[in-house]
Amino acid sequence: MKKILFVIPRLANAGTETHLLLLSKGLSERGFDVTICCLFEIGICDSVCKQFGFKIICLNKTSIYDLSILHSLYVLIKNNKYDVVHAYLFGFHYLALLPAKIAGVCLTVSSRRELATWKKLHHHLLENFGNMFVDKVVTCSEAVSTYVLRTEILSKSKILRIYNGIDLEKYSQRAKEKKGLCAFGLKETDLVIGNVANFSIEKNHEFLVEVIKEVKKHFPDIKCLLVGDGYLRRELEQQVDNLGLNKNVIFTGERNDVEHVLNLIDVFLFTSKTEGLPNAILEAMACALPVVAVDAGGISEVISSGKDGIVVNSFSVKYFSSNVIELLNDSNIRKQMGKTARQTIESKFSFNRMITDYEEFYKKATS
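All residue numbers for the sequence shown refer to the working numbering, where the first residue is 339 and numbers rise by one.
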């Protein structure tokens, strides 16, 4: 039985953390001994972890600059004799992989899951320091792999791309539920667009709201579900108010039933400025939704524009909106595009496929 230690700051309600929980669940079910180590706090997913049967450890540290993390991880790794130590999120690779190397771990891994255009010189220096202790860097898309090779000191042979995977049973097409419609004040006849993302600058909700304004000119009663929360929520609510969209836009807050909310939506919109490979798009496509997205990061690796969604090549409100309007005008196109989207996820981005890829990687690299 291979023993794997995943290291992450905390288990927040976000894409990387959701991915890690799914990965840990899948590997545990296939006989791996999995432990997640949270450096600062467990976060909101503690009860979820316990349901899945893998172990969770929290070091209760308070700062990334607390160098006692190195010693604590070394003791943990040495005492438990892990075969693999896999670190997630920027700044935590060297903290996990340096003590892992000293402890004699067979395989050290770090992940890259975004096009980190925000990084400055000191960020790159820290990343490259961490690369001294890594055996393999796993990326979530070819776009991220290319970005890593361009911005980090790392040989191509150390990079492995494994696509994210979606639970196809959880995320699937269902009829619009009356209970769900009532929860958001929707009618069965309403046309609904929507988005799932944290409210941050990178997710570009300001642009999305402008798109809604344009769509409203053609569909005065259009409804838009904005699923998520974040530090920009108040600003977005003000923008919605200023544009007279209060009757059109519904802020749902964070939800633990996203799969049900997605099935209330007719067209899914995605307007992020930068992405690695967004789970939100995969989940929407798994629910047989047509997606209109700006081409960022690995999105064009998922969507074949015109077949299983539409990829827009610029941040033009008018052009983006015209594609949304075209889909809203034709239910047959929406249905066919959504059906093809589901097939794409089944063939390339399933949960089982992702687990198999990681399983084969870990076993081969530690044999």
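Quick reminder that beta carbons are idealized off the backbone N, C-alpha and C, glycines included.
Problem set entry | Given V447 as reference, the closest of E526, L463, W456 and D421 once Cα atoms are compared | Residue 447 sits at position 109 when you count from the first residue of the sequence shown. Among E526, L463, W456 and D421, the Cα nearest to that of V447 belongs to D421.
For this session: Determine, using beta-carbon pairs with one atom in the region 487–506 and one in the region 560–570, whether at least three such pairs fall under 8 Å.
Result: no
For this session: Find out if the Cβ-Cβ distance for the pair I531, L607 is shorter than 8 Å.
Result: Residue 531 sits at position 193 when you count from the first residue of the sequence shown. Residue 607 sits at position 269 when you count from the first residue of the sequence shown. It is a contact, given that the beta carbons lie within the stated cut-off.
Problem set entry | Member of S510, H431, V443 and S685 whose CA lies at the smallest distance from the CA of T466 | Locating residue 466 in the sequence shown gives position 128, counting from the first residue. Inspection of the sequence shows that residue 466 is occupied by Asn rather than by Thr. Nearest of S510, H431, V443 and S685 to N466, Cα basis: H431.
Problem set entry | Among R368, L464 and L620, nearest to G503 - alpha-carbon criterion | Along the sequence shown, one-based indexing puts residue 503 at 165. Ranking the options by Cα distance to G503, first place goes to L620.
Exercise. What do you get for N536, buried or exposed, if any count of 16 or more other CB atoms within 10 angstroms of its CB means buried?
Worked result: Counting from one through the sequence shown, the residue named residue 536 turns up at place 198. So N536 counts as buried.
Problem set entry | Collapsed DSSP secondary structure at R451 in the structure displayed | Locating residue 451 in the sequence shown gives position 113, where the first residue counts as 1. R451 falls in the coil class under three-state DSSP.
Exercise. Of all the options Q576, T455 and M623, which has the alpha carbon lying nearest to the alpha carbon of E597?
Worked result: Sequence index remark: in the sequence shown, residue 597 carries index 259 (1-based). The shortest C-alpha separation from E597 is found at M623.
Exercise. Which residues mark the beginning and the end of the beta strand (DSSP E) in which K341 is found?
Worked result: Position 3 of the sequence shown, counting from 1, holds the residue named residue 341. Looking at the DSSP string, the run of the beta strand (DSSP E) that includes K341 is K341 to I346.
For this session: Reducing DSSP to helix, strand and coil, say where H424 ends up.
Result: Locating residue 424 in the sequence shown gives position 86, counting from the first residue. In this structure, H424 counts as strand in the three-state DSSP scheme.
For this session: Return the Cβ separation of N533 and K561 in integer angstroms, given the expectation that the two are a contact with Cβ distance under 8 Å.
Result: Stepping through the sequence shown from its first residue, residue 533 is reached at position 195. Stepping through the sequence shown from its first residue, residue 561 is reached at position 223. Between K561 and N533 the Cβ distance is about 12 Å, and since that is not below 8 Å, they are no contact.
Problem set entry | G582 versus G591, V565 and D559, residue with shortest Cα-Cα distance | Position 244 of the sequence shown holds residue 582. The option with the nearest alpha carbon to G582 is D559.
For this session: Kindly confirm or deny that the region 469–488 and the region 438–455 touch, where touching means at least three C-beta pairs closer than 8 Å.
Result: yes
Exercise. Taking V605 as the reference, which of K457, V553 and F689 has the closest Cα?
Worked result: For the purposes of this step, residue 605 is identified with residue 267 of the sequence shown, where counting begins at 1. The option with the nearest alpha carbon to V605 is V553.
For this session: Tell me whether A631 sits in a helix, a strand or coil according to DSSP, three-state version.
Result: Reading the sequence shown from its first residue, position 293 is the one you call residue 631. Reduced to three states, the DSSP call for A631 is strand.
Exercise. Whose C-alpha, out of V443, N661 and F589, is nearest the C-alpha of V649?
Worked result: Here residue 649 refers to the residue found at position 311 when the sequence shown is read from its first residue. It is N661.
Exercise. DSSP on I531, reduced to helix/strand/coil?
Worked result: Residue 531 sits at position 193 when you count from the first residue of the sequence shown. I531 falls in the strand class under three-state DSSP.
Exercise. Cα separation between E367 and N670?
Worked result: For the purposes of this step, residue 367 is identified with residue 29 of the sequence shown, where counting begins at 1. For the purposes of this step, residue 670 is identified with residue 332 of the sequence shown, where counting begins at 1. Going from the Cα of E367 to the Cα of N670 covers about 40 Å.
Exercise. How many angstroms separate the CA atom of Y426 from the CA atom of F344?
Worked result: On the sequence shown, position 88 is the one that residue 426 refers to. On the sequence shown, position 6 is the one that residue 344 refers to. Their Cα atoms are separated by approximately 8 Å.
Exercise. Could you give the C-beta distance for K516 and N601, rounded to a whole number, given that I count them as a contact under 8 Å?
Worked result: Walking along the sequence shown from the start, residue 516 turns up at place 178. Walking along the sequence shown from the start, residue 601 turns up at place 263. The Cβ separation is near 12 Å, so there is no contact.
Exercise. Alpha carbon to alpha carbon, what distance is there between R348 and E379?
Worked result: Taking the sequence shown and counting its residues from 1, the one referred to as residue 379 is at position 41. Taking the sequence shown and counting its residues from 1, the one referred to as residue 348 is at position 10. Answer to the nearest angstrom: the Cα atoms are 5 Å apart.
Exercise. Nearest to L397 by CA position, among I415, N651 and S685, is which residue?
Worked result: Here residue 397 is taken as the residue at index 59 of the sequence shown, counted from 1. Checking every option, the nearest Cα to that of L397 belongs to I415.
For this session: Below 8 Å on the Cβ atoms is my guess for C376 versus Q511; work out the distance and round it to an integer in Å.
Result: Walking along the sequence shown from the start, residue 376 turns up at place 38. Walking along the sequence shown from the start, residue 511 turns up at place 173. With 8 Å as the limit, C376 and Q511 do not qualify as a contact, their Cβ atoms being about 35 Å apart.
Problem set entry | Cβ-based neighbour list, K439, same chain, cut-off 7 Å, excluding 5 preceding and 5 following | On the sequence shown, position 101 is the one that residue 439 refers to. Around K439: T446 and F471.
Exercise. Which stretch, first to last residue, makes up the alpha helix (DSSP H) that contains G518?
Worked result: In the sequence shown, the residue the question calls residue 518 occupies position 180. That run of the alpha helix (DSSP H) goes K516 to A521.
Exercise. Just the Cα atoms here: how many angstroms apart are N667 and K673?
Worked result: Counting from 1 along the sequence shown, the entry for residue 667 is found at position 329. Counting from 1 along the sequence shown, the entry for residue 673 is found at position 335. Rounded to whole angstroms, N667 to K673 spans 12 Å at the Cα level.
Exercise. How many angstroms separate the CA atom of R680 from the CA atom of D595?
Worked result: Here the question's residue 680 lines up with position 342 in the sequence shown. Here the question's residue 595 lines up with position 257 in the sequence shown. The straight-line gap from Cα to Cα measures roughly 19 Å.
Problem set entry | CA-to-CA distance, I500 to T694, given in whole angstroms | Locating residue 694 in the sequence shown gives position 356, counting from the first residue. Locating residue 500 in the sequence shown gives position 162, counting from the first residue. For T694 and I500, the distance between alpha carbons rounds to 10 Å.
Exercise. The beta strand (DSSP E) spanning L498 covers which residue range?
Worked result: For the purposes of this step, residue 498 is identified with residue 160 of the sequence shown, where counting begins at 1. Per DSSP, L498 belongs to the beta strand (DSSP E) from I497 to R499.
Exercise. In terms of DSSP beta bridges, what is C625 paired with?
Worked result: As a position in the sequence shown, residue 625 is number 287, starting the count at 1. In the DSSP output, where bridge partners are listed per residue, C625 has none listed.
Problem set entry | Where F467 sits in the DSSP three-state scheme | The residue labelled residue 467 in the question sits at position 129 within the sequence shown. In this structure, F467 counts as helix in the three-state DSSP scheme.
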